[in-house]
Structures are given as C-alpha cells and as structure tokens.
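Novice: In the numbering used here, the protein residues as written are 35 to 221.
Quick one: the structure is below, and I'll ask about it shortly.
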Amino acid sequence: IGSDYSISDYSELIADSKYEHGSSFLVANSGMIATNDQKEMAMGSVSDLSYYSKEFKVLENIAEGKFTSYITYDEKMAEDLYVSFAPIALNRASLPWSVATVMPLSGISNTFSIAFSFLISAGIVGFFLMSFIIWKISGRFTNRIKATNDAMKELSHGNLDRSLLLNIETGDEIGEMQGSLNELVSQ
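Put into structure tokens, the structure is as follows:
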C-alpha cells in the first residue's frame, strides 16, 4: 500500500481505530514501535512485546515488507491472541513500515458467535415463514380440487342439482375443470 500519509497522520488514524478488546500500532522498519495507544509501548521494540514470536520471523518480515500473522498464547494477558503485521509505505520513506493489529481470539470468536446466532435465527424464521406461505398457497389449490372432487362425486350419484355449481376463481387447469363441471350441471 502506498500513500501520502505522514507518521502523525498514521498515528491519528491508528488512535481512531480502537477495537473493543484489541489494538493497532505503527511499527518502523527496524521493529521499533512508533505509535501506540499505550504510551509506555511507544518507542519500544516489537521483540519486547509479551506476544512476540521469533518462530514467525516477525522482525525479518517487517524489514522485508512482508505480511505476517500468527496466533499465540500471551501469558501476560492470559489468553490466545491473533497478531498481524501488514506492510505499508509511508510518504517519502524508502523502507516499508508495518501496521500491527492484536486481537484476542475470544473477541473474534464472540463476534462470529453473534453473527452465527443471528444467521441461524434468521434461517429458522425464514423457514417457518416460507412453510406458512407454501401451506397457504397449496391450501388454495387443495381446497379448489377438493370442492371439484366433491361436486363430481355428487354427479356420479346422479345428483344434478344447481347447488353443485362451482365458483371459478382462476383460468388454470383446475378452473377449466370447474367450468366443464358447471356446464355439465347447467344442461
């Protein structure tokens, strides 16, 4: 990512991007923390962080401008954390910097749990709504077929009473059948 932002612009941007349970900060190419919402961390090294992991070659990847992310358990915070370092190009800086983001997995999991619960609830409501609509539509067809069938049964017993005349509601096949039955009763 290239931009015309200065370090102070990024500092303000990062200060505004506070998460409920996580944080972001700007890291220089050398691994020095340039900005952070916790002032005691600013100007320290990434390698001094309690959740720093040599295993993922974080300092080397920051220096080379490579994206790095990992999940680790932090003893100080007593929970699993998602940690990422994304390269950015600062205005007139010859070397890439990084924006670090640290989020507790519990915070990420809670967000997904809420979204999942909402989607399941919406699916259940949608299922019952569609079931009701299908029941109503199929009921209309079934009632028309049943009324036609009942009238035909009466005809088969020799009843030609005009009370057998059916209300024709549509021009579909059921409506045509009802019309033919009405013609038969009318004659």
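C-beta atoms are modelled at their ideal positions from N, C-alpha and C, and glycine is treated no differently.
Computed from a prediction, not measured in an experiment: that's the story for all the values here.
Taking just the CA atoms, how far does Ile208 sit from Arg178?
Specialist: Distance between the alpha carbons of Arg178 and Ile208 is about 7 Å.
Novice: DSSP three-state call for Ile142: helix, strand or coil?
Specialist: The answer is helix: DSSP assigns Ile142 an H, G or I state.
Novice: Relative to the alpha-carbon of Asp108, which residue among Ala134, Leu139, Leu189 and Glu94 has its alpha-carbon at the smallest distance?
Specialist: Minimum Cα distance to Asp108 is reached at Leu139.
Novice: Measuring only the C-alpha atoms, how far is Leu200 from Trp169?
Specialist: Roughly 23 Å between the two C-alpha positions.
Novice: What does the alpha-carbon distance come out to for the pair Asn63 and Gly99?
Specialist: Looking at the two C-alpha atoms, the distance is approximately 8 Å.
Novice: In angstroms with no decimal places, state the Cα-to-Cα distance between Pro121 and Val133.
Specialist: Taking the straight line joining both Cα atoms gives about 6 Å.
Novice: Strictly by DSSP, which residues pair up with Val159?
Specialist: Val159 is not bridged to any residue.
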